[in-house]
Structures are given as structure tokens and as C-alpha cells.
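K.L.:
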Amino acid sequence: MSFAQFSERFLDIALTLSLVFLCISFLCTVIRIWKGPTLPDRVLGLDVLTSSSIGFIAVIGIDTGFTLYVDIAIALGLVGFLATISFARFIMARGDTERSPVASVTEPEADSKILGEGDSVP
């Protein structure tokens, strides 16, 4: 087996494995978006879907040899970045209506109101 045959075979195996792992990632992300308990989970899932799509485009571009796929991947990355920024601004403007149990930390002002003005903390 010559080096050219080995490298072509290795590239085929690597591309196939990459597509399999990207499909698994895509499926897990769709499940997270579907079940995601909060809006930030869903936004993060959409960002991961964009990254997975860029991965698919890159693998297909390597397989076919067309350089146009690089431009498409860059454009998709820019659109995905802008969408993530827009969703983040929307979530910040909307407020924290869906509080998670982990994020239920009391504010220092609330602690001072509970203790009173002259009370000391043990």
C-alpha cells in the first residue's frame, strides 16, 4: 500500500467518523433544545446547532474539495454569532422570569432587612 492510498483511505475514515460524531452531537443538541427547561438552555442549544452545522459544511467541503463551502461556513458563523448576541440581549431585557433553583441566592440587601439595622451576624 503506497502512501497516497493510505492517506486517501485515512481521510475517508476520518471524514466518516467526523460525520458520525457530528450527527450524534446534532441529535443530542436537538433533544436539549426540545427539553431545555429554560430559555438560555435553548439559546445555547441553537448556538451549538450552528456550530454543528458549520462542522457539517467543513467536512463536506473537505470531502468534495470545493472552496465555496468555506465562505458558506464563515457566513453561517457570523449569522449564528449575531443571533446568539440578539438572543442574549433579549434575555437580559426580558428579565429573569424563569429562575432556576441554583440561581436562588439572596441579595445582601435582603439579608440586612431580615436581620434588622442593629443585629449582628453570628
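Mapped onto full-length UniProt numbering, the consecutive letters of the sequence shown carry residue numbers 1 to 122.
We treat Cβ as the ideally placed atom computed from N, Cα and C, and that holds for glycine.
Computed from a predicted structure; not experimentally measured.
Apart from the five residues on each side of it in sequence, which residues of its chain come closer than 6 Å, Cβ to Cβ, to residue 37?
P.N.:
Taking the sequence shown and counting its residues from 1, one reaches residue 37 at position 37. So the list is empty, once near-sequence residues are dropped.
K.L.:
Rounded to whole angstroms, what is the Cα-Cα separation between residue 61 and residue 34?
P.N.:
Within the sequence shown, residue 61 is the residue found at index 61, counting from 1. Within the sequence shown, residue 34 is the residue found at index 34, counting from 1. Using only the alpha carbons, I get a separation of about 29 Å.
K.L.:
For residue 68 and residue 91, I'd like the C-alpha separation in whole angstroms.
P.N.:
Numbered from 1 along the sequence shown, position 68 holds the residue referred to as residue 68. Numbered from 1 along the sequence shown, position 91 holds the residue referred to as residue 91. So the two alpha carbons sit approximately 35 Å from each other.
K.L.:
Is there at least one Cβ from chain C nearer than 8 Å to residue 65's Cβ?
P.N.:
Considering every chain present, this structure includes no chain C. It has just one protein chain.
K.L.:
Using a 10 Å radius around the Cβ and a threshold of 16 neighbouring Cβ atoms, would you call residue 43 buried or exposed?
P.N.:
Position 43 of the sequence shown holds residue 43. Counting Cβ neighbours within 10 Å, residue 43 comes out buried, since at least 16 surround it.
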